[in-house]
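Engineer: Each residue of the sequence shown is one higher than the one before, counting from 22 in this note's numbering.
The structure is given below, and queries will be raised subsequently.
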Amino acid sequence: MKTLLLISTLLFSVGASAEENCIPEEAAPTVEEALVNSDSPLEYHSSNMFEIPSQKVVLDPNLATAIGSEASRKAAESKYGVYTPLKEWEITSVPLIAFGFIAKADKKNFRAARNNFIPSYKNRMDDWLQHVPLIATTAMNFAGYEGRSDHWRYLASGAMSYGFMALFTNVIKYSAKEMRPDGSTANSFPSGHTATAFVAATIMHKEYGLTRSPWWSVLAYGCATTTGIMRTLNNRHWISDILVGAGIGVISTDLGYMLGDFIFKKKHILREPRQGAGDMWQNPSFFRLELGMQFSNNLNLPTNTSFLTYTNLYDDNMNDEFYQVNRNGNPFRIPDNYNAKERTYKNYGEAGPAYGEGVSPKIKVGTGTTVGAEAAYFINKYIGAGLRARITTAPVTAEGLYSYDDNMNRRYNSSSVSDVWSLVDVNLGVYAAWPISPRHNLNFKALYGRRFFGSLDLMAAYDTRFVNQKTGESRDVTIYGDAMYIDKTNADDFTVGVHYTYSLKNGVAVSAFFDYDFAKPEFDVEYNPYNLDSQKMAATSSKFSFKQRINSYTLGASMTVLF
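Written out as structure tokens, the structure is:
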């Protein structure tokens with residue numbers, strides 16, 4: 022604890038010292054005052070973190086030196102100016118494409134989540150929303166709202182960006198030949214709509230987000246992200262198509278602008294990048310796309326449920342040793358010392374109860390895959406407010422459930438009961454930041470919202486043995502049938518979490534995060550196992566409800582835009 026306090030004190034001292042060396046905003050001198058009062062304007066600029074507003078690019082090396090930054094001077098002396106081909110590389114395409122290939126293994130699970138919550142969703146807004154950032158950027162450019170490039174360079178860089186995107190998307194589409202989730206055509210991977218949307222968004226980001234205001238980047242990537250989400254909701258694309266399409270859109274624009282830098286060099290540039298775009302002391306607000314792994318506790322099914330009541334028990338005259346739950350030919354054996362009133366029993370007996378001997382009936386929740394978006398606006402570099410939306414799919418299996426054959430009085434083990442569980446979280450709340458340095462930041466959050474649990478339709482694989490009455494030969498077989506249905510529900514969701522963020526450049530960052538969520542929903546269960554004798558479902562089902570706290574722990578990474 023002392024070590025922790027010492028480290029915290031040192032970090033606070035470093036931060037305080039850095040702040041003392043910064044000129045307060047109200048006392049910041051003008052450029053002219055800096056030139057008059059300083060023997061070395063360049064040294065003054067770097068030591069006091071003086072920020073010059075974005076302006077027309079200065080091509081005179083002497084004037085560039087006077088205005089204030091060594092980087093500006095070197096850029097003015099270079100053949101490319103302030104924009105060089107290597108600086109166009111945003112790196113955000115790498116995590117997006119990687120996320121897409123990781124999510125590819127769970128693509129059917131995410132589609133199942135869509136079918137669980139909104140199976141009939143249809144909306145054509147994504148057909149035109151993909152073009153909104155490009156239309157807006159073009160209109161501003163030709164209306165004279167000065168951005169990075171003039172008309173000619175803007176048109177050339179944009180056209181080359183779209184050319185690269187069309188090339189990559191179509192080559193992969195017609196090579197992979199992946200069927201769309203709606204079964205219409207075999208050209209699903211990657212999403213062309215999403216790639217188009219992210220080309221348009223990245224063009225707006227480069228032209229106006231990096232030179233005018235980060236809010237243009239937020240608007241652009243918000244439209245692009247919404248387009249991708251709607252392609253999934255419309256059942257036209259898998260989640261992996263969306264993520265890889267987004268990555269292709271970003272990398273295509275980087276290549277288009279790189280080629281523009283090689284062709285035009287210093288020509289046709291109107292504005293330089295905003296100073297401090299990647300400084301999280303100045304830009305702590307963020308928008309994130311994230312992917313993670315979620316670990317949740319199991320659902321423990323109650324053994325004293327309402328279907329084990331006195332009215333459901335009767336004596337089947339089988340040596341008076343067992344009672345039988347009447348389920349229209351699909352019984353569960355209950356020991357004769359079962360206390361119907363208290364719904365307890367001392368031991369399981371030879372054949373066992375509805376649940377396996379020594380096994381607590383439960384639904385085991387596997388490792389889930391989480392995809393989400395998160396945004397927060399900070400009123401200063403320490404405190405802000407924001408929201409988070411995400412979807413998680415996790416495989417589930419049921420353990421400890423048994424069924425019986427009426428005639429053989431034999432227990433069958435439901436060895437593999439499986440389905441995919443879908444969870445949707447929508448939360449908002451308070452965010453706090455610990456600005457370690459301009460490039461390193463820790464975010465903390467406390468959120469409240471709703472967690473929506475998708476339905477579970479569990480199917481069991483019953484292991485049994487069939488005997489040929491004529492030959493006496495027997496063989497082990499597995500019979501598949503329905504076992505249990507858990508209806509959709511929702512509950513209050515509370516979240517605390519921490520993000521570590523590293524700023525790369527141009528207002529783009531990468532983050533690693535850990536979230537803890539807890540909710541206590543009430544589940545409505547219908548237990549209706551398969552009738553092994555008649556090979557059909559029992560006519561009467563067992564229904565009961567129970568509450569349980571669900572604890573979820575999520576680890577992941579995100580691509581972040583700072584503003």
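Cβ atoms here follow ideal geometry from the backbone N, Cα and C, with glycine treated the same way.
Once DSSP output is grouped into helix, strand and coil, what is the label at Val265?
Structural biologist: Reduced to three states, the DSSP call for Val265 is helix.
Engineer: Taking 8 Å as the threshold (C-beta atoms), are Gly277 and Met161 in contact?
Structural biologist: Their beta carbons are not under 8 Å apart, which means Met161 does not touch Gly277 by this criterion.
Engineer: Tell me where the beta strand (DSSP E) around Gly389 begins and ends.
Structural biologist: Start and end: 389-399.
Engineer: Rounding to the nearest angstrom, what Cα-Cα distance links Ser424 and Phe120 in this structure?
Structural biologist: Any answer about Ser424 is weak, because its pLDDT of 48 lies below 50 and its placement is not dependable; what the coordinates show is given next. Each residue's alpha carbon lies about 42 Å from the other.
Engineer: From the beta carbon of Val445, is the nearest beta carbon of chain C less than 8 Å away?
Structural biologist: Given the protein chain composition of this structure (a single chain), no chain C is represented.
Engineer: Whose CA, out of Glu228, Tyr195, Arg252, lies closest to the CA of Pro202?
Structural biologist: Taking only the C-alpha atoms, the option nearest Pro202 is Arg252.
Engineer: According to DSSP, is Tyr242 helix, strand or coil?
Structural biologist: Helix, per DSSP.
Engineer: In chain order, which beta strand (DSSP E) runs of at least 3 residues are fully inside the segment 518-549?
Structural biologist: Entirely contained in the segment 518-549, the beta strand (DSSP E) runs reaching 3 residues are, in chain order, 529-540, 543-548.
Engineer: Does any heavy atom of the ligand NAP sit closer than 7 Å to the C-beta of Lys383?
Structural biologist: Of the ligands one can find in the structure shown there are none, so the ligand NAP has no counterpart to examine.
Engineer: For Leu583, does the three-state DSSP call read helix, strand or coil?
Structural biologist: Leu583 falls in the strand class under three-state DSSP.
Engineer: Specify, as a first and last residue, the run of the beta strand (DSSP E) that Tyr195 falls within.
Structural biologist: First-last for Tyr195: 172-197, but that is the alpha helix (DSSP H), not the beta strand (DSSP E).
Engineer: Any idea which residues DSSP pairs Leu449 with across the strands?
Structural biologist: Beta-bridge pairing links Leu449 to Leu408, Tyr469.
Engineer: Among Phe535, Ala394, Ile507, whose alpha-carbon lies nearest the alpha-carbon of Val582?
Structural biologist: Of the candidates Phe535, Ala394, Ile507, the one whose C-alpha sits nearest the C-alpha of Val582 is Ala394.
Engineer: Hey, would you say His226 sits closer than 8 Å to Ala241, going by beta carbons?
Structural biologist: It is a contact, given that the beta carbons lie within the stated cut-off.
Engineer: Along the chain, where does the alpha helix (DSSP H) that runs through Thr138 open and close?
Structural biologist: Looking at the sequence shown, residue 138 is not Thr but Phe. Run containing Phe138: 128-138, per the alpha helix (DSSP H) assignment.
Engineer: Three-state secondary structure (DSSP) at Thr510?
Structural biologist: Residue state, collapsed to three classes: strand.
Engineer: Between the alpha carbons of Ala530 and Ile118, how many angstroms are there, rounded?
Structural biologist: Each residue's Cα considered, the two are about 16 Å apart.
Engineer: Have a look at Ile457 and Leu463 and give me their C-alpha separation to the nearest angstrom.
Structural biologist: Those two C-alpha atoms are separated by around 7 Å.
Engineer: If you measure between the beta carbons of Glu543 and Lys509, is that distance less than 8 Å?
Structural biologist: No, these two residues do not count as a Cβ contact at 8 Å.
Engineer: Less than 8 Å between the C-beta atoms of Ala197 and Phe210, yes or no?
Structural biologist: Result yes, Cβ atoms of Ala197 and Phe210 sit closer than 8 Å.
Engineer: Can you tell me where the alpha helix (DSSP H) holding Gly121 begins and where it ends?
Structural biologist: First-last of the alpha helix (DSSP H) with Gly121: 114-124.
Engineer: Report buried or exposed for Leu479, applying the criterion of at least 16 other Cβ atoms within 10 angstroms of its Cβ.
Structural biologist: When all chains shown are included, Leu479 counts as buried.
Engineer: Closer than 6 Å by C-beta to Thr575: which residues in its own chain qualify, once you throw out the five before and the five after it? Chain order, please.
Structural biologist: Within the same chain, Thr575 has close Cβ partners Gly313, Gln315, Thr391, Asp536.
Engineer: Is there contact between the segment 150-170 and the segment 218-236, where contact requires at least three CB pairs shorter than 8 Å?
Structural biologist: Yes, the segment 150-170 touches the segment 218-236.
Engineer: Within its chain, find whatever has a CB closer than 7 Å to the CB of Phe185; leave out the 5 residues flanking it on each side and keep chain order.
Structural biologist: Here the set comprises Ser273, Leu276, Gly277.
Engineer: Note down the Cα distance separating Thr215 from Ile260, rounded to an integer number of angstroms.
Structural biologist: Distance between the alpha carbons of Thr215 and Ile260 is about 11 Å.
Engineer: Considering just the uninterrupted stretch of the alpha helix (DSSP H) at Leu310, what are its terminal residues?
Structural biologist: Here Leu310 belongs to no alpha helix (DSSP H); instead the beta strand (DSSP E) covers 307-317.
Engineer: Keeping to the same chain, check which residues put their C-beta closer than 8 Å to that of Asn572; ignore five residues upstream and five downstream.
Structural biologist: Correct list, in chain order: Ser317, Asn318, Tyr537, Asp538, Phe539.
Engineer: If you draw a straight line from the alpha carbon of Leu107 to that of Val441, how long is it in whole angstroms?
Structural biologist: Roughly 44 Å between the two C-alpha positions.
Engineer: Leaving aside the five residues before and after Val447 along the sequence, list all residues of the same chain whose C-beta is less than 7 Å from its C-beta, in chain order.
Structural biologist: Excluding residues within five positions, the ones whose Cβ falls inside 7 Å are Ala410, Gly470, Arg471.
Engineer: Can you give the Cα-Cα distance for Gly299 and Pro323, rounded to whole angstroms?
Structural biologist: If you take the alpha carbons of Gly299 and Pro323, they lie about 53 Å apart.
Engineer: Considering only C-alpha positions, which residue in the set Ile412, Thr413, Tyr398 is nearest to Ala406?
Structural biologist: Of the listed residues, the one whose Cα sits closest to Ala406 is Tyr398.
Engineer: Can you find the residues in the same chain that come closer than 8 Å, C-beta to C-beta, to Tyr142, ignoring five residues on each side of it along the sequence?
Structural biologist: So the qualifying residues of the chain are Arg135, Leu254, Asn255, Asn256.
Engineer: Would you mind reading off the limits of the alpha helix (DSSP H) that contains Gly213?
Structural biologist: Per DSSP, Gly213 belongs to the alpha helix (DSSP H) from 213-225.
Engineer: Spatial neighbours of Phe131 within its chain, please: C-beta separation below 6 Å, excluding the five flanking residues on both sides.
Structural biologist: Closer than 6 Å at Cβ, skipping near neighbours: Ile260, Thr414.
Engineer: From the DSSP output, in three-state form, read off Leu231 for me.
Structural biologist: Three-state result, Leu231: coil.
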